[in-house]
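K.L.:
Residue numbers (UniProt numbering): 1 to 281.
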């Protein structure tokens, strides 16, 4: 069996490839990358694949049995890009697609959900066997700002007291590997989230505890938070998006207590303390 992974040079893709190599012969793995040179260090076959080039995608997927379709990071272009991959996979005779979607994509208020909903429906209509991994929030989405919080003396956001059931990329990578290499997952949709939900106040408290500095959480109005993010150099639309997702989180959009992720990977998800320690290292 040959397993291919799209977005193989991304942070999640690299983790998945590394973990797959622990259980699957490297000869049975294919890394799909827009820039093959960036994947040269992965230790598996690399094929050039661009979400926007259907013909190249079909060639890259030749002989592939199972495909992990890691969602594109180009918000606004995802639906079309994923459609290209699904069409190319069908043309190439790929037997199964595992897709990384968004937690509760069918009912999520996050603006990110729309393109995932479209892709899920097209995947179901494709006739290809599928498994949908609805990944929750990545803990790194927030711990990536630990340095800025320490420099600024506070952790800022607009999530209020919203409980966020985040998990680390390593947790989600292990889930992908479990499905790619396991059986009985065909046609299933998994809601994947961390075992323990935390607030941004909890995160600030953990940063304070581990750093020895007083780092409070400061909740800001959505527009103010977006303006600060734009001031840090983020594109205006992306800054507004981040702020809006925080507001959605304040209303429970990123909460899930089903523990499907830890069940799937056979271990507890990574605790916040470990994620903060990694960010501070």
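From the three backbone atoms N, C-alpha and C, an ideal C-beta is built for every residue, glycine too.
When you compare each of 267, 158 and 9 to residue 37 by their alpha carbons, which one comes out closest?
P.N.:
The shortest C-alpha separation from residue 37 is found at 9.
K.L.:
Taking the alpha carbon of residue 224 as the point to measure from, which residue in 242, 173 and 210 has its own alpha carbon closest?
P.N.:
Residue 242 is the option with its Cα nearest to residue 224.
K.L.:
What residues match up with residue 48 in a beta bridge as DSSP calls it?
P.N.:
According to DSSP, residue 48 bridges with 33.
K.L.:
Quick one: using the 10 Å Cβ neighbour count with 16 as the cut-off for buried, is residue 81 buried or exposed?
P.N.:
Counting Cβ neighbours within 10 Å, residue 81 comes out buried, since at least 16 surround it.
K.L.:
Apart from the five residues just before and just after residue 131, which ones in its own chain have a Cβ nearer than 6 Å to its Cβ?
P.N.:
So the list reads 98, 179, 185 and 188, once near-sequence residues are dropped.
K.L.:
Run through the DSSP bridge pairs and tell me what residue 135 is partnered with.
P.N.:
In DSSP, residue 135 forms a bridge with 102 and 192.
K.L.:
Could you compute how far the alpha carbon of residue 221 sits from the alpha carbon of residue 157?
P.N.:
The straight-line gap from Cα to Cα measures roughly 8 Å.
K.L.:
According to DSSP, is residue 61 part of a helix, a strand, or is it coil?
P.N.:
Of the three classes helix, strand and coil, the one that applies to residue 61 here is coil, per DSSP.
K.L.:
Could you check what DSSP says for residue 70 in three-state terms: helix, strand or coil?
P.N.:
DSSP places residue 70 in coil when its eight states are reduced to three.
K.L.:
Start and end of the beta strand (DSSP E) containing residue 301?
P.N.:
Since the first and last residues shown for the chain are 1 and 281, residue 301 lies out of range.
K.L.:
If residue 43 sits next to residue 1, beta carbons under 8 Å apart, how far is it from one beta carbon to the other, in whole angstroms?
P.N.:
Contact doesn't hold; Cβ gap of about 18 Å is too wide.
K.L.:
Would you report the Cα separation of residue 66 and residue 3, rounded to the nearest angstrom?
P.N.:
Distance between the alpha carbons of residue 66 and residue 3 is about 5 Å.
K.L.:
Specify the secondary structure class of residue 207 as computed by DSSP and reduced to three states.
P.N.:
Note: residue 207 maps to helix in three-state DSSP.
K.L.:
What would DSSP say about residue 145, mapped onto helix, strand or coil?
P.N.:
Residue 145 falls in the coil class under three-state DSSP.
K.L.:
Could you tell me which residues DSSP puts in a beta bridge with residue 130?
P.N.:
Answer is 97.
K.L.:
Under the rule that 16 or more other beta-carbon atoms within 10 Å means buried, what is residue 219, buried or exposed?
P.N.:
Per the 10 Å Cβ criterion, buried.
K.L.:
Measuring CA to CA, which of 112, 107, 55 and 182 is closest to residue 90?
P.N.:
With distances taken between Cα atoms, residue 90 lies closest to 55.
K.L.:
Alpha carbon to alpha carbon, how far is residue 246 from residue 269? Give it in angstroms, no decimals.
P.N.:
Approximately 22 Å, taken between the alpha carbons.
K.L.:
Looking only at its own chain, which residues have a Cβ that is under 7 Å from the Cβ of residue 79, when we skip the five neighbours before and after it?
P.N.:
Around residue 79: 115, 118 and 119.
K.L.:
So what's residue 53 in DSSP terms, helix, strand or just coil?
P.N.:
Coil at residue 53, not helix or strand.
K.L.:
In chain order, what residues of the same chain have a beta carbon less than 7 Å from the beta carbon of residue 259, not counting five sequence neighbours either side?
P.N.:
Result list for residue 259: 195, in chain order.
K.L.:
Let's see if you can read the secondary structure: which residues bound the beta strand (DSSP E) around residue 3?
P.N.:
Start and end: 3-5.
K.L.:
Let me confirm a value: residue 135 is counted as buried when at least 16 other C-beta atoms fall within 10 Å, else exposed. Which label applies?
P.N.:
Buried.
K.L.:
What is the DSSP secondary structure of residue 164, reduced to helix, strand or coil?
P.N.:
Strand at residue 164.
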